[in-house]
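There are 2 protein chains.
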Amino acid sequence: MTATMRPAAEAAPAVPAALGRTRDTVQPALREAVGRLDETSRAISAYHLGWTEADGTPVSGNGGKAVRPALAVLSALAAGAPAETGVPGAVAVELVHNFSLVHDDLMDGDTERRHRPTVWALWGAPAAILTGDAMLALAQEVVLDSGSPHAIPAARLLSETTRRLIHGQVLDVQFEQRDDVTLPECLSMAGGKTGALLSGSAAIGAVLAGAPAETVDALAVFGEEVGLAFQLVDDVLGIWGDAAVTGKPVYSDLRARKKSLPVTYAVTHGGAKGRELAEWLAGEETGGAADEAELARVAALVESAGGREWATAEAARRVATAERALSAIPSGPREELIDIARFIVHREA
Amino acid sequence: MTATMRPAAEAAPAVPAALGRTRDTVQPALREAVGRLDETSRAISAYHLGWTEADGTPVSGNGGKAVRPALAVLSALAAGAPAETGVPGAVAVELVHNFSLVHDDLMDGDTERRHRPTVWALWGAPAAILTGDAMLALAQEVVLDSGSPHAIPAARLLSETTRRLIHGQVLDVQFEQRDDVTLPECLSMAGGKTGALLSGSAAIGAVLAGAPAETVDALAVFGEEVGLAFQLVDDVLGIWGDAAVTGKPVYSDLRARKKSLPVTYAVTHGGAKGRELAEWLAGEETGGAADEAELARVAALVESAGGREWATAEAARRVATAERALSAIPSGPREELIDIARFIVHREA
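Take a look at the structure:
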């Protein structure tokens with residue numbers, strides 16, 4: 001991975017301390033919530049969340065990075081409430097995130113996630129559909145049970161966030177069949193798939209705390225922009241990322257002829273090179289599998305058509321907008337939110 | 001179809017007037033809610049709900065029977081509130097019902113529903129998964145937006161109902177792999193798949209009206225028992241129903257070697273005949289497709305092992321329990337609830 005992939009061209013930041021701290025706060029509540037599921041959905045969810053092996057053996061360690069729960073807890077702190085106020089929101093956004101991963105893995109036919117077999121690959125499609133459905137219903141329950149006097153707007157935010165997330169996935173599925181995707185459409189899809197839930201996560205703690213609209217809106221914008229920056233970086237890594245670091249095959253997004261953000265920019269703004277790229281993308285049916293040399297040539301085409309530079313600069317602009325949105329937030333939580341934003345945008349895998 | 005399939009051994013009752021009336025009350029709100037979905041999920045939902053053809057052409061007529069919305073509206077009336085109080089609950093339970101149909105059709109591989117191609121058969125598995133997900137998230141939103149001071153307990157009831165429904169489906173999937181399903185387990189599965197949502201439908205209007213716990217509980221028991229009676233009758237029809245009336249092939253549940261309620265009763269309570277039936281059920285892997293004569297022999301075996309008589313009598317007992325549960329409900333809504341119960345339990349298809 002080269003420095004050009006990092007919007008601020010600096011070394012990847014260390015894991016922010018807030019992530020570990022909020023995970024310790026949220027984990028017991030998340031485990032309690034998952035414990036309410038029926039036995040089968042509970043066992044499958046525990047595996048998916050990295051708590052157990054497929055046979056139910058407990059796994060040591062603490063699961064994933066839990067970025068969304070951290071944002072939800074910091075969101076409550078940003079509104080001047082204690083961390084605990086944000087916990088039901090943190091559990092809920094983590095459940096919605098994992099509902100969408102379990103369904104997406106099935107829809108995309110992905111057999112591995114984080115180097116482990118996916119739920120549908122182990123237990124079949126019906127189990128993946130039902131486990132995802134159960135996690136989604138549970139997420140609402142956790143917010144409704146929060147006891148917060150602001151549970152209704154928080155649950156409302158959660159369901160609206162979920163529908164935006166689903167809409168992003170709907171567009172992603174449609175784009176596979178289209179060869180005229182515009183850059184605004186592609187940004188709108190990324191806003192749904194990635195921006196919506198990071199925005200909802202960054203806002204839900206403040207909503208549970210009864211914060212004024214300006215605070216909630218500022219946090220929502222922060223999360224949305226961080227989500228788009230994340231997706232831009234992810235798309236750059238999907239083409240030029242180091243396979244050893246990303247855990248995906250080199251050129252994986254090009255191999256799938258995915259209409260990612262840098263590719264869509266290159267096609268729509270890259271002149272003659274963009275048209276050459278569009279022709280290659282449309283050649284899927286006749287072209288068959290592309291070999292390594294061909295993919296390297298196409299990656300160079302996306303780059304010379306400006307896709308890489310634009311995506312990298314756009315990610316930096318989004319991060320800057322995100323940070324500016326937090327100007328009225330107290331400095332403690334603000335700095336921790338910015339640390340997390342930089343961490344997830346600058347990550348290497 | 002013979003009279004023994006009707007618990008009260010009477011002619012199938014006419015369509016209750018309350019169904020048409022409540023449908024007219026609920027339809028505009030349901031259409032408004034579906035109108036909030038993203039364009040694609042909205043178009044697919046409108047097709048699934050019977051409002052449009054697959055190409056979007058509007059269909060005249062009024063869609064399905066809308067039993068669950070009718071129960072939700074009558075539930076508000078039973079609590080002394082106006083019909084309008086139950087409408088957000090009615091819309092929500094209809095959305096949850098249809099979320100589960102769209103996902104179930106995919107999981108079961110069913111290509112037709114009400115003589116039309118199913119969503120996944122027309123648009124593929126990802127579209128079916130995402131449309132169902134969107135309807136589920138929307139259902140919560142409708143209750144949260146109701147403006148009712150009792151929106152939190154109503155939304156809570158909805159999510160708990162949804163999780164019970166999902167659990168019923170989880171058990172149904174598991175039972176396909178098991179040959180030791182007990183009658184209580186089978187009743188518990190039917191309680192989830194059919195009882196939960198009818199129970200939630202019958203209770204949610206009263207919850208939105210802020211009715212006392214005794215009223216809500218009575219309505220919940222009513223819906224639960226009606227749901228089980230419905231499932232018992234449905235299972236009887238799945239073996240002995242007239243194909244011309246049910247719209248399914250004759251012996252369809254036996255052909256699929258489904259562990260339905262009459263079959264499970266026969267296996268677990270039918271002595272030597274039950275063991276013979278169990279052996280036949282277990283022969284799936286080796287037996288191949290059974291012909292008409294074999295299925296007729298197995299149907300007779302279920303009947304002589306007591307499965308048909310038990311299921312029919314049990315359905316009648318459940319209806320009686322349901323009706324008794326309503327003793328404290330004002331007579332107007334009580335009679336309409338009972339009409340609907342008899343209608344859905346005694347239906348011929």
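Sequence order for the protein chains is A and B. The first sequence begins at 1 in UniProt numbering and counts up one residue at a time. The second sequence begins at 1 in UniProt numbering and counts up one residue at a time. The beta carbon of each residue, even a glycine, is placed where N, CA and C say it ideally should be. Quantities reported herein were computed from a predicted structural model and do not represent experimental measurements.
With respect to the 8 Å criterion, B/V102 and B/H150 are not classified as neighbours on the basis of their beta carbons. Closest option to A/A202, judged by alpha-carbon separation, among A/L37, A/L30, A/A72: A/A72. For A/E112, the pairing in a beta bridge is given by DSSP as A/P117. Annotation: A/R21 to A/N98 spans about 21 Å, alpha carbon to alpha carbon. Residues of chain B with a Cβ closer than 7 Å to the Cβ of A/I152 are, in chain order, L144, A151, I152. Scanning chain A for C-beta atoms nearer than 7 Å to the C-beta of B/D38 yields H167, V170, reported in chain order. For the pair A/G64 and A/I338, the Cα-to-Cα distance works out to about 20 Å. Under a criterion of Cβ atoms nearer than 8 Å, the residues of chain A adjacent to B/M107 are, in order, A125, P126, I129, L130. The shortest CA-to-CA distance from B/Q231 to any of B/A46, B/R318, B/I129, B/G147 is the one to B/R318. Taking each of B/A54, B/F343, B/V91, B/A79 in turn and checking the Cα distance to B/T25, the smallest one comes out for B/V91. Residue environment for A/E94: buried (at least 16 other C-beta atoms within 10 angstroms of its C-beta). Interface with chain A (8 Å Cβ-Cβ cutoff): B/D133 is included. Assigned with DSSP and collapsed to three states, A/P28 falls in helix. Contact of A/T85 with chain B is not assigned, every C-beta pair being separated by 8 Å or more. Residue-level contact check: A/E314 does not touch chain B, since none of the beta carbons of chain B fall below 8 Å from its beta carbon. In the structure shown, A/P82 falls within a coil segment according to DSSP collapsed to helix, strand and coil.
In the DSSP assignment, A/Q169 falls within the unbroken alpha helix (DSSP H) covering 151-175. When B/M107, B/I129, B/G147, B/G86 are compared, the shortest CA-CA separation from B/S41 is found for B/I129. Taking a C-beta distance under 8 Å as the contact criterion, A/G238 and A/G195 do not qualify as a contact pair. In the three-state scheme derived from DSSP, where H, G and I count as helix and E and B as strand, B/T57 is classed as coil. Interface flag for A/T162 against chain B is set, since a Cβ pair is found closer than 8 Å. Here the alpha carbon of A/A266 sits roughly 10 Å from the alpha carbon of A/E309. In the three-state scheme derived from DSSP, where H, G and I count as helix and E and B as strand, A/T52 is classed as strand.
Distance from the CA of A/A278 to the CA of A/W240, rounded to the nearest whole angstrom, comes to 19 Å. Contact annotation: the region 132-141 of chain A touches the region 152-161 of chain A, with at least three C-beta pairs closer than 8 Å. Proximity of the region 32-46 of chain B to the region 104-114 of chain B falls short of the contact definition, fewer than three beta-carbon pairs being nearer than 8 Å. When C-alpha distances from B/A328 are compared across B/G86, B/P212, B/A66, the shortest belongs to B/P212.
One alpha carbon belongs to A/R163, the other to B/T161, and they sit about 20 Å apart. Between B/A29 and B/V87, the CB-CB gap stays under 8 Å. Closest in alpha carbon position to A/V250, among A/H346, A/L295, A/G283, is A/L295. When C-beta distances to chain A are compared with 9 Å, every residue of the region 219-252 of chain B stays at or above that value. With 16 or more other Cβ atoms inside 10 Å of its own Cβ, A/P333 counts as buried. Within chain B, the residues whose beta carbon sits less than 7 Å from that of A/H103 are I129, D133, listed in sequence order. A/T264 counts as buried, since at least 16 other C-beta atoms from the protein chains shown sit within 10 angstroms of its C-beta. Residues of chain B whose Cβ lies closer than 9 Å to the Cβ of A/S41 are, in chain order, R163, I166, H167, V170.
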